[in-house]
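Engineer: Okay, here's the structure, questions in a sec.
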Amino acid sequence: MENKRPLILISNDDGYHAPGIRKLVEFVKDMADVLVCAPEAARSGYSCAFSAVDYLRLKPRHNMGDTTVYSCTGTPVDCVKIALDQLCAERRPTLILSGINHGDNSSVNNHYSGTMGVAKEGCMKYIPSVAFSSCYYDENANLEPLRPYVQRIVGDVLQKGLPKGVCLNVNFPAAQKFKGIKVCRMTFGSWIEETVKERHPRGYDYYWVVGKYRNDEPGVEGTDQWALDNGYVAITPTQIDVTAYDAMDGLKQIYE
Numbered sequence: 000m001e002n003k004r005p006l007i008l009i010s011n012d013d014g015y016h017a018p019g020i021r022k023l024v025e026f027v028k029d030m031a032d033v034l035v036c037a038p039e040a041a042r043s044g045y046s047c048a049f050s051a052v053d054y055l056r057l058k059p060r061h062n063m064g065d066t067t068v069y070s071c072t073g074t075p076v077d078c079v080k081i082a083l084d085q086l087c088a089e090r091r092p093t094l095i096l097s098g099i100n101h102g103d104n105s106s107v108n109n110h111y112s113g114t115m116g117v118a119k120e121g122c123m124k125y126i127p128s129v130a131f132s133s134c135y136y137d138e139n140a141n142l143e144p145l146r147p148y149v150q151r152i153v154g155d156v157l158q159k160g161l162p163k164g165v166c167l168n169v170n171f172p173a174a175q176k177f178k179g180i181k182v183c184r185m186t187f188g189s190w191i192e193e194t195v196k197e198r199h200p201r202g203y204d205y206y207w208v209v210g211k212y213r214n215d216e217p218g219v220e221g222t223d224q225w226a227l228d229n230g231y232v233a234i235t236p237t238q239i240d241v242t243a244y245d246a247m248d249g250l251k252q253i254y255e
């Protein structure tokens with residue numbers, strides 16, 4: 000790789016073979032050198048989990064033309080960790096990208112998302128990081144309309160960087176045209192009816208984790224769900240420091 004160009008590390012939680020990550024590579028490969036290290040299989044919902052017990056394996060893949068691609072047997076965060084230590088030891092990435100995820104990662108999904116886990120891990124390593132998700136859950140959906148928005152956001156971050164401790168959660172509506180971009184806060188929402196009990200033929204109960212998402216702030220302008228519902232691309236700056244600063248004074252009066 001030519002060191003005069005930026006280096007972008009790309010991962011996801013849908014797996015190295017997913018159409019979304021292939022599309023993301025296509026969108027940005029003319030802007031920088033690209034290295035892909037992504038899970039060997041789908042790892043949705045893994046958030047910031049990493050492998051503390053099992054060992055990891057890296058395998059070179061050849062499914063994106065001349066782009067260097069590795070799969071990792073671990074989680075999305077494992078992919079970032081092993082890529083930085085083993086594949087980027089001599090050249091630190093300028094930017095880490097995640098996605099394009101096949102599914103919505105707005106609202107509280109931010110906390111569960113392996114796609115966001117990649118961006119958060121990069122952010123904790125002080126590398127500007129952006130996660131991209133489409134509200135289309137169909138892996139065969141047309142993601143081409145995302146191209147100018149992804150390229151604009153990536154170009155801006157490459158040029159200007161991001162504040163320390165801040166990464167971007169970018170979500171696209173399930174649409175072929177967008178009204179523009181809105182910078183939003185995260186919507187308060189809840190997952191409900193999250194488990195289903197079944198009876199096994201051998202005489203014991205077992206459970207599936209399922210659930211329905213409920214928007215607890217329907218119609219509230221300025222939230223990421225409002226933006227998506229109204230045809231806008233939603234950018235939510237997400238910070239690693241989760242300290243509740245507004246609560247500190249009250250707690251100090253109690254405990255100090």
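Residues 0 to 255 (numbering that gives the first Met the number 0) make up the sequence shown, in order.
We put the beta carbon where it would ideally sit given N, CA and C, even for glycine.
Keep in mind it's a predicted model, so treat the numbers as computed, not measured.
1. Can you find the residues in the same chain that come closer than 6 Å, C-beta to C-beta, to residue 0, ignoring five residues on each side of it along the sequence?
2. When DSSP labels each residue in this structure, what does residue 98 get in the three-state scheme?
3. For residue 139, count the other beta carbons within 10 Å of its own beta carbon; 16 or more makes it buried, fewer makes it exposed. Which is it?
4. Among residues of its own chain, excluding the 5 on either side of residue 255, which ones have a beta-carbon nearer than 6 Å to its beta-carbon?
5. On the three-state DSSP scale, how would you describe residue 188?
6. Using alpha carbons as the reference points, say which of 87, 136, 120 and 189 lies closest to residue 77.
7. Quick one: any contact between the segment 164-182 and the segment 130-149, if contact means 3 or more CB pairs under 8 Å?
8. Give the list of continuous beta strand (DSSP E) stretches no shorter than 3 residues that lie fully inside the segment 29-113.
9. Pull up the DSSP beta-bridge partners for residue 213, would you.
10. What does the Cβ neighbour count give for residue 187, buried or exposed, with the cut at 16 atoms within 10 Å?
11. Is it buried or exposed, residue 51, if we count other Cβ atoms within 10 angstroms and call 16 or more buried?
12. Considering only C-alpha positions, which residue in the set 175, 192 and 207 is nearest to residue 232?
13. Is it the case that the Cβ atoms of residue 16 and residue 62 are separated by a distance below 9 Å?
Structural biologist: In short:
1. For residue 0, the pLDDT reaches just 44, beneath the cut-off of 50, and the residue's location in the model is therefore unreliable, although a value from the coordinates is still provided. 32.
2. strand
3. exposed
4. none
5. strand
6. 120
7. yes
8. For the segment 29-113, whole beta strand (DSSP E) runs of length 3 or above, ordered along the chain, are 32-38, 57-60, 67-71 and 94-101.
9. 189
10. exposed
11. Per the 10 Å Cβ criterion, exposed.
12. 175
13. yes
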